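So the structure is just underneath, and the comments pick up after that.
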Amino acid sequence: MADGPQAAVAGRTAPIRVVLAKLGLDGHDRGLKVVARMLRDAGMEVIYLGLRQTTDTVIAAVEQEDADVIGLSMHNAGHLALAPRIVKAVSDAGLDVPVVIGGIVPEADVSALKEMGISAVLHPGASAVAVGEAVREAVRGSLGDQPVHD
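Everything in the sequence shown is counted per my numbering, starting at 502 for the first residue and increasing by one.
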């Protein structure tokens, strides 16, 4: 296992690989850039796709980069429409990659998102520790009983 803050998955020496993106036409990317820095500082590898991505581009990046988790930023009330699309795209591609959403998501929608297959929902102001732990827990959940090592 890697030494230091490397957030590695059990059985691998590589850190957790996170694909970060904004689906749709939302142009607010400051929060996503802050999260990218938080995850890099936590020892994770970040594949930053940026703004105006589609489910196809996200899935292609996950496959090409052998990513462990997808992180999506939502700020335009599209989470209930976009979440099932990305979850279906992950399933259709035969991938076992959890999806974490962050951004402006009403608390009342969190349980519906989790029922759709979203692993975690983070809100504005989440600490770096909370963001890192949510990603680790999502990866841990996709691995079953296999631990995720720091």
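Every residue, glycine too, gets a C-beta built ideally from N, C-alpha and C.
Predicted model only: the values in this text are computed from it and were never measured.
Asked, Found
"When SER628, MET539, ALA568 are compared against VAL640, the one with the closest alpha-carbon", "ALA568"
"Cut-off 6 Å between Cβ atoms - residues of its own chain near MET545, not counting five sequence neighbours on either side", "ALA508, PRO516, ILE517, VAL519"
"Three-way DSSP call (helix, strand, coil) for LEU623 in this model", "strand"
"Cβ neighbour criterion (16 or more within 10 Å) applied to GLN554", "buried"
"Beta-carbon spacing of GLU521, VAL536 below 8 Å", "Reading off the sequence, residue 521 comes out as Leu, not Glu. Yes, the Cβ-Cβ distance between LEU521 and VAL536 is below 8 Å."
"Contact check, ILE560 vs VAL588, beta carbons under 8 Å", "no"
"Same chain, Cβ closer than 7 Å to PRO585, five either side skipped, listed in chain order", "MET617"
"Nearest-angstrom beta carbon gap, GLY604 and SER628 [assumed within contact, 8 Å]", "Incorrect: roughly 15 Å between the Cβ atoms, too far for contact."
"Coarse secondary structure for MET539, derived from DSSP in three states", "helix"
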